[in-house]
Each structure stands twice: as structure tokens, then as C-alpha cells.
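**Q** Please find one structure pasted underneath; my questions will follow.
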Amino acid sequence: MATTNNVAAATSSSTYTYTPTTDASKAATGAAANVANDPATAQDRFLKLLVAQLTNQDPTNPMDNAQMTSQIAQINTVTGITQLNSTVKDMAAQLAATQGLQATALVGRTVQAEGDTLSIDKTGKTGTGGFELSGAASSVVVNIATASGKSLGSINMGTQSAGAHDFSFDTSGYTGTEPLKFTVEATNKGTAVSSTSLTRSTVTSVGSDSSGALTLNLGNGSSVAYGKVKAIS
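Residue 153 in the working numbering sits at position 119 of the sequence shown, with consecutive numbering throughout.
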């Protein structure tokens, strides 16, 4: 009789709560958080766990539509991000392969790119380089030196307009083996004008830097990033 009374009391209570204790219901709690990285596997696992959660839910307090919609949205978000990452990686690989083929086609061609190495002709008598001014300059001076810093002279180019300019330097008196470098000093009535040094040389081979970025090895001994090429001839 005591048992009967206890059951009756529990049944009549308005605070009775059904709490499923199956393994499936426990697993369903973390359905959105435990999906695998693979989209197909994640979707399959999510559906199985959702079915288990619905099967074992509290009949007096079933999952509402908002909760179900939220869980479905979570799995769709995870799947979408995974697929997007995969697509971006594929596109990056295809772009790298395309750039590699394009760069290989430049071997033997002359390019102008950002760089401060003087290009010396086959006779060894003339070195050439270039620069690009961000604005007009009333005074432009190009300084030539060895890679170790020994000055070989300068070129006074006077007034120059904004844009790209070329110069040449007599290297017939230079008997060293170091690459020659140049710097540009540009001012407009005492105010500095920013400039970008440009080197022009023949592409001898294609390589990559420490980060894997594509580079062009030039005949003047320098290497430039493929993306820094300004002109091809």
C-alpha cells in the first residue's frame, strides 16, 4: 500500500520531470559541438544524434521548433565554413600553379621590378636602373655604391616629374665583383618626395623565398618577388 501511495503522490505532483538517462540522450546534448571536420560525416552524425534526442526527449517538455531550427543552423554553419575553407585552399593551389607557369615563361625575358640593384651590360661599362617618383621633384640625386657600402659616385638628375624614370652610370672604372646598389634622394623645394627604386634585368630562373612565395632570379644577381614586376619586355 505504501508503494501505491507514493506512486499516486508522484503522479499527481505538478512538478514531475522526466529525465532520460540513455547514452543516446547524453550524446545528443553535444550534437552541434562534436561534429567531425568532414562535412558528410558531420551531417550524418548530426542527424543521428537529432533523431536520438527526439526519441528520448521529455514527453512533457518536447524540443520546440526554435531549438531544432537553431541546431540545424549550427550544423549548416559548420558545414558551410568547412566547404568554404576547402574551396579557398583549392583556389589558392590553382592560382599558385598558374603563376608558376606564367613565371616560367618569363625566363629569358627582361623585366622591370622593384629593386635597388644596378644592371650592368655585357661590356661592363654601363650600369642602368630606374625609379618612380610619387610627385614632382625639384632635385633628384642617384647615389651608386657597392653592396658593402663603398660609394662609387652619384648622378644629379635635376628636376623630374612624377612617374617612372631611367638612368645610366659609367661602370667602366669598377673592377670589383660585388653587385652595385643605388639609392634615390628626391626633394621638392626642401620637402622629401618618396620614390620606389626599379631594377631592370633578364630573368634567368624561377624560385621561391622562405615563405614559399614565387620569385624571379635576375641576371644582375638579385631576386624579386613575382608580384613586384612592373613591366616585361
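Just so it is clear, CB atoms sit at the ideal spot from N, CA and C, and this is done for glycine as well.
Distance, Cα to Cα, A265 vs T144?
**A** A265 and T144: Cα-Cα distance of roughly 8 Å.
**Q** Let me know the beta strand (DSSP E) ranges lying completely inside the stretch 227-262, each 3 residues or longer, listed in chain order.
**A** Taking only runs of at least 3 residues, the beta strand (DSSP E) segments lying wholly in the stretch 227-262 are 229-242, 248-252, 257-259.
**Q** Would you say L24 and V237 are within 8 Å of each other, going by their C-beta atoms?
**A** Here the chain has residues from 35 to 267 only, and residue 24 is not among them.
**Q** Run through DSSP, which three-state label would G210 get?
**A** Of the three classes helix, strand and coil, the one that applies to G210 here is coil, per DSSP.
**Q** Taking the beta carbon of S182 as the centre, do at least 16 other beta carbons fall within 10 Å, making it buried, or is it exposed?
**A** The residue is exposed, with fewer than 16 neighbouring Cβ atoms inside 10 Å.
**Q** So, are the CB atoms of S228 and S168 less than 8 Å apart?
**A** The answer is yes: Cβ separation under 8 Å.
**Q** CB V175 to CB S188, shorter than 8 Å?
**A** Against a cut-off of 8 Å, the Cβ pair of S188 and V175 comes out as a contact.
**Q** To which residues does DSSP link L167 through a beta bridge?
**A** Answer is G197, S229.
**Q** With respect to the beta strand (DSSP E) encompassing V145, which residues constitute its N-terminal and C-terminal limits?
**A** Per DSSP, V145 belongs to the beta strand (DSSP E) from 144-148.
**Q** Between N119, F80, G149, which has its C-alpha nearest A259's C-alpha?
**A** Of the candidates N119, F80, G149, the one whose C-alpha sits nearest the C-alpha of A259 is G149.
**Q** Does G134 come out as helix, strand or coil in the three-state DSSP assignment?
**A** Here G134 sits in helix by DSSP.
**Q** Consult DSSP for K159 and reduce its assignment to one of helix, strand or coil.
**A** Here K159 sits in coil by DSSP.
**Q** Only counting the same chain, and skipping five residues up and downstream in sequence, which positions put a Cβ closer than 6 Å to that of I154?
**A** Hits under 6 Å: G161, T205.
**Q** Quick test of your reading: T233 and A147, contact by CB under 8 Å. State the CB separation rounded to the nearest angstrom.
**A** That belief holds up - the Cβ atoms of T233 and A147 are roughly 6 Å apart, short of 8 Å.
**Q** Quick check: what's the CA-CA separation for A36 versus Q108?
**A** Reliability fails at A36, whose pLDDT of 46 lies under 50, so the model's placement of it is uncertain and the value that follows must be treated cautiously. Cα to Cα, the separation comes out at about 49 Å.
**Q** Can you tell me the Cα-Cα spacing of L248 and A139, whole angstroms?
**A** Distance between the alpha carbons of L248 and A139: 13 Å.
**Q** Straight-line CA distance for S120 to G210?
**A** So the two alpha carbons sit approximately 52 Å from each other.
**Q** Per DSSP, Q119 forms a beta bridge with which residues?
**A** For clarity, residue 119 is Asn in the given sequence; the question names Gln instead. DSSP output for N119 lists no bridge partner at all.
**Q** Quick one: grab the DSSP three-state call for K31.
**A** Residue 31 lies beyond the stretch modelled for the chain, which goes from 35 to 267, so this question has no answer here.
**Q** Does DSSP classify S83 as helix, strand or coil?
**A** It should be noted that the sequence gives Leu, not Ser, for residue 83. Of the three classes helix, strand and coil, the one that applies to L83 here is helix, per DSSP.
**Q** Comparing C-alpha positions only, which one of G164, T75, G261 sits nearest to S202?
**A** For the residues G164, T75, G261, the minimum Cα distance to S202 belongs to G164.
**Q** Hey, is A137's beta-carbon within less than 8 Å of any beta-carbon in chain C?
**A** Looking for chain C here will not work: only one protein chain is present.
**Q** Could you check which residue in G241, H199, E212, S244 has the C-alpha nearest to that of N254?
**A** Of the listed residues, the one whose Cα sits closest to N254 is E212.
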